[in-house]
Amino acid sequence: MAETLQQLILDTLESSSTIKDTRTLVIPGQSDPAASQDAQIAILGALNSLFSREMITYDTHETLSHVLTPEGAQLVLEGSHEARVWAALPVKGEGTPVTPLELKSRVGDETAKVGQGRAFKSGWIAKEGSGLVKSALTITDTTQLDLREVDSTGTLQSGEKVLAELRKRKLIVQRKGQWFSVRKGANFSTSTAKPETDLTVDMLTSGAWKTSTFKKYNFEAEGIPTNGGALHPLLKVREEIRNIFLEMGFEEMPTSAFVESGFWCFDALFVPQQHPARDLQDTFYLSDPSTSLEPPSDYYKRVSEVHQNGGYGSLGYRAPWSHEESRKLLLRTHTTASSAAVLYKLAGKCRGKKVDDEALDSTTGGSLAATDDGFRPAKMFSIDRVFRNETMDATHLAEFHQVEGVVADRNLTLADLIGFMRVFFKKMGIENLRFKPAFNPYTEPSLEIFAFHPYLNKWVEIGNSGMFRPEMLEPMGLPKDVRVLGWGVSLERPTMIRYGINNIRTLVGHKTSIENVESSPAVRF
Numbered sequence: 156m157a158e159t160l161q162q163l164i165l166d167t168l169e170s171s172s173t174i175k176d177t178r179t180l181v182i183p184g185q186s187d188p189a190a191s192q193d194a195q196i197a198i199l200g201a202l203n204s205l206f207s208r209e210m211i212t213y214d215t216h217e218t219l220s221h222v223l224t225p226e227g228a229q230l231v232l233e234g235s236h237e238a239r240v241w242a243a244l245p246v247k248g249e250g251t252p253v254t255p256l257e258l259k260s261r262v263g264d265e266t267a268k269v270g271q272g273r274a275f276k277s278g279w280i281a282k283e284g285s286g287l288v289k290s291a292l293t294i295t296d297t298t299q300l301d302l303r304e305v306d307s308t309g310t311l312q313s314g315e316k317v318l319a320e321l322r323k324r325k326l327i328v329q330r331k332g333q334w335f336s337v338r339k340g341a342n343f344s345t346s347t348a349k350p351e352t353d354l355t356v357d358m359l360t361s362g363a364w365k366t367s368t369f370k371k372y373n374f375e376a377e378g379i380p381t382n383g384g385a386l387h388p389l390l391k392v393r394e395e396i397r398n399i400f401l402e403m404g405f406e407e408m409p410t411s412a413f414v415e416s417g418f419w420c421f422d423a424l425f426v427p428q429q430h431p432a433r434d435l436q437d438t439f440y441l442s443d444p445s446t447s448l449e450p451p452s453d454y455y456k457r458v459s460e461v462h463q464n465g466g467y468g469s470l471g472y473r474a475p476w477s478h479e480e481s482r483k484l485l486l487r488t489h490t491t492a493s494s495a496a497v498l499y500k501l502a503g504k505c506r507g508k509k510v511d512d513e514a515l516d517s518t519t520g521g522s523l524a525a526t527d528d529g530f531r532p533a534k535m536f537s538i539d540r541v542f543r544n545e546t547m548d549a550t551h552l553a554e555f556h557q558v559e560g561v562v563a564d565r566n567l568t569l570a571d572l573i574g575f576m577r578v579f580f581k582k583m584g585i586e587n588l589r590f591k592p593a594f595n596p597y598t599e600p601s602l603e604i605f606a607f608h609p610y611l612n613k614w615v616e617i618g619n620s621g622m623f624r625p626e627m628l629e630p631m632g633l634p635k636d637v638r639v640l641g642w643g644v645s646l647e648r649p650t651m652i653r654y655g656i657n658n659i660r661t662l663v664g665h666k667t668s669i670e671n672v673e674s675s676p677a678v679r680f
């Protein structure tokens with residue numbers, strides 16, 4: 156069909172030089188000219204193909220016409236609603252008036268409802284008693300006649316006002332159309348043979364390339380954009396926070412152990428074995444393998460002793476110690492378990508034991524000079540994944556990221572912790588902070604960190620912090636005057652604030668929008 160139309164256009168131009176109106180073309184196999192819009196759409200495809208080869212040029216002309224709706228087509232066949240109401244009534248004085256209920260049964264609810272008002276307005280019917288009768292002996296159904304004219308010509312001689320009324324009654328709809336005027340192009344020919352797109356070996360061998368017509372290359376055409384990789388918003392915020400830590404002289408802790416034992420995740424942090432966080436409702440436990448290897452025996456003994464009987468100035472929890480609870484394997488609920496392991500290594504020289512100096516330097520800022528008792532001050536951080544058995548909703552996930560910082564030095568105070576956090580959060584663009592006393596099993600004193608959220612117009616909690624307890628630090632072998640500051644926030648919450656995300660489930664998981672990941676800008680603190 157496309158090639159037939161192309162040939163028709165070229166042959167017509169050959170004989171007439173121009174085609175003033177493509178609606179006058181007669182398509183082979185069809186008796187009527189191509190006046191329909193379907194025909195003009197097909198002709199447009201043929202014109203575009205010829206235009207791309209510079210065989211023709213054409214101009215587009217738009218038209219407005221009207222077509223009948225299904226209801227309008229029905230009225231053309233059966234008459235208007237008002238005419239059918241008039242026809243169903245007796246002449247005044249010659250019969251029993253028809254009640255509105257009887258009229259509905261004769262012509263239908265819709266016709267009776269629409270037709271009565273218009274028949275009254277035209278003076279065709281009148282009331283008599285409780286019924287209706289004809290008040291005009293003859294009528295002219297102008298609505299039906301107008302619709303017939305629209306159906307045949309697409310418009311009305313009577314003008315726009317009548318057309319507007321028919322559109323208002325939803326009997327016709329306006330439709331845009333187009334037709335074209337066509338002229339010869341620079342490469343006009345009556346042949347529709349497509350130009351060659353490639354120079355082949357066969358053409359060179361046979362010499363056919365000498366008489367072949369080749370398609371021009373469009374060197375200005377834009378290629379398809381290539382899709383490169385894109386960083387997820389979480390990774391962008393993670394990198395910004397990581398750069399802040401590195402700028403402040405922190406070393407990154409190794410946190411690759413997603414599976415931890417109950418000892419390192421809870422016991423070493425002085426979390427009681429009866430704490431509700433260790434229940435199945437809050438923690439994911441492994442079934443195979445279900446138990447861990449033995450921790451260092453002397454350290455394990457000191458930790459169990461301080462839990463049961465106290466020590467280092469503490470009364471302990473005075474509760475029975477369970478070896479089975481301590482050896483359970485679980486998905487870590489916080490990265491503080493890794494911090495505890497690194498602090499234990501840091502205390503190695505203080506205990507007088509041999510520790511791998513290279514491994515120690517990579518996690519504790521080994522460039523600082525060691526004191527006489529072997530202690531080295533350290534500033535460490537980690538950003539990694541943790542797991543909690545929580546019900547997922549718009550603000551909670553069972554798997555998320557924790558940002559944690561630890562500072563170990565002699566004679567640190569709570570003022571140092573508050574001062575550090577003010578500097579850190581200022582680098583993140585958060586300056587309006589408040590601190591509230593809180594309780595954590597492994598820190599005393601403890602502080603919750605609040606910031607004023609200008610968009611929510613209220614104070615929101617953004618982190619937790621505190622100074623690690625002596626019951627946690629001294630069993631490791633750290634000197635009594637060494638204090639450790641610790642604090643942590645989630646990675647997801649600041650990411651949601653930065654990118655205006657109100658449902659955490661659209662940030663990670665199968666509902667994440669790849670388009671948003673590709674288009675989201677870099678975050679800047």
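The sequence shown begins at 156 in our numbering and counts up one residue at a time. Backbone N, C-alpha and C define an ideal beta-carbon position, used for all residues, glycine too.
What number of angstroms, rounded off, separates the C-alpha of V246 from the C-alpha of G272? When rounded, the distance between both Cα atoms is 18 Å.
Between which two residues does the beta strand (DSSP E) harbouring D176 extend? Taken as a continuous stretch (DSSP letters only), D176 belongs to no beta strand (DSSP E), as it is neither H nor E.
Cβ shell of R303 (< 8 Å), same chain only, five flanking positions each side left out: So the qualifying residues of the chain are V231.
If you compare alpha carbons, which of V262, V663, D166 and D193 is closest to S235? Residue nearest to S235 within the set V262, V663, D166 and D193 is V262 (criterion: CA-CA distance).
Return the first residue and the last residue of the beta strand (DSSP E) that K316 is part of. K316 -> not in any beta strand (DSSP E); alpha helix (DSSP H) instead, spanning E315 to K323.
Along the chain, where does the beta strand (DSSP E) that runs through P409 open and close? It is not in any beta strand (DSSP E) - P409 carries neither H nor E in the DSSP assignment.
Please check the pair F439 and F542, which I expect to be a contact at CB under 8 Å, by giving their CB distance rounded to whole angstroms. Contact annotation, F439 with F542: C-beta distance approximately 5 Å; criterion of less than 8 Å satisfied.
May I have the straight-line CA-CA distance separating E209 from T308, to the nearest angstrom? Across the structure, E209 and T308 are spaced so that their CA atoms are roughly 35 Å apart.
By the three-class DSSP mapping on this structure, what secondary structure does W476 have? Looking at W476 - three-state DSSP - the assignment turns out to be coil, as it is neither helix nor strand.
Three or more beta-carbon pairs under 8 Å between the region 480-490 and the region 531-546, yes or no? Result yes; three or more Cβ-Cβ pairs closer than 8 Å.
Report back the beta-carbon spacing between R473 and S416 to the nearest angstrom; my notes put them in contact at under 8 Å. No, R473 and S416 are not in contact; Cβ-Cβ is about 23 Å, not under 8 Å.
Report the rounded CA-to-CA distance for G227 versus R322, giving the unit in angstroms. In a straight line, the C-alpha of G227 is about 10 Å away from that of R322.
At what residues does the alpha helix (DSSP H) containing L498 begin and finish? Segment T491 to L501, the alpha helix (DSSP H) holding L498.
Top-ranked residue by Cα proximity to W334, from I174, T568 and R660: Nearest C-alpha to W334: I174.
From which residue to which residue does the alpha helix (DSSP H) around P431 run? Careful: P431 lies outside any alpha helix (DSSP H) and carries neither H nor E.
Less than 8 Å between CB atoms is the rule here; does E406 satisfy it with respect to chain D? Checking the listed chains, one finds no chain D in this structure; it contains a single protein chain.
I think L205 touches I196, with their Cβ atoms under 8 Å apart; what is that distance to the nearest whole Å? Incorrect: roughly 16 Å between the Cβ atoms, too far for contact.
Could you check whether G621 and S494 sit closer than 8 Å to each other, using their CB atoms as the reference points? S494 places its beta carbon 8 Å or farther from that of G621.
Contact the region 376-388 vs the region 659-672: 3+ CB pairs below 8 Å: Flag = yes, the region 376-388 and the region 659-672 touch.
For T177, count neighbouring C-beta atoms within 10 Å of its own C-beta (all shown protein chains included) and say buried if the count is 16 or more, exposed if not. The residue in question, T177, is buried, as its Cβ has 16 or more Cβ neighbours within 10 Å.
Kindly provide the ranges of any alpha helix (DSSP H) runs that are 4 or more residues long and lie completely inside the region 236-271, ordered along the chain. Inside the region 236-271, DSSP marks whole alpha helix (DSSP H) runs of 4 or more residues at positions 236-242 and 255-262, from first to last along the chain.
Count the other C-beta atoms from every protein chain shown that fall within 10 angstroms of the C-beta of M576, then say buried if there are 16 or more, exposed otherwise. Around the Cβ of M576, a 10 Å sphere holds 16 or more other Cβ atoms; the residue is buried.
Can you look up D528 in the DSSP assignment and give me helix, strand or coil? Looking at D528 - three-state DSSP - the assignment turns out to be coil, as it is neither helix nor strand.
Identify the continuous beta strand (DSSP E) that holds G419 and give its terminal residues. Looking at the sequence shown, residue 419 is not Gly but Trp. Segment G417 to C420 is the alpha helix (DSSP H) holding W419; no beta strand (DSSP E) there.
One question on the structure: do P630 and R457 come within less than 8 Å of each other, judged by their Cβ atoms? With contacts defined as CB atoms closer than 8 Å, P630 and R457 qualify as a contacting pair.
Would you say the region 253-261 touches the region 215-222, given that touching needs at least three Cβ pairs under 8 Å? No, the region 253-261 does not touch the region 215-222.
Quick test of your reading: A238 and Q185, contact by CB under 8 Å. State the CB separation rounded to the nearest angstrom. Not confirmed; about 36 Å, so no contact.
Residues bridged to E616 [DSSP beta-bridge criterion]: Beta-bridge pairing links E616 to F605.
In three-state DSSP terms, what is D296? Three-state DSSP puts D296 in coil, outside helix and strand.
Tell me whether D528 counts as near the ligand ATP, meaning its Cβ is closer than 7 Å to at least one heavy atom of that ligand. In terms of ligand content, the structure shown is empty, and the ligand ATP therefore cannot be addressed.
With 16 as the cutoff for other CB atoms within 10 Å, does Q229 come out buried or exposed? Answer is exposed; the Cβ neighbour count stays below 16.
Is the distance from the Cβ of E406 to the Cβ of K534 below 8 Å? Yes. Within cutoff.
I'd like to confirm the pairing. Which residues does DSSP put opposite I538 in its beta bridges? Answer by DSSP bridge pairing, in chain order: V558.
Cutting at 6 Å between CB atoms, please list the residues of its own chain near S459, excluding the five before and the five after it. Closer than 6 Å at the Cβ level, and outside the excluded window around S459, lie W476.
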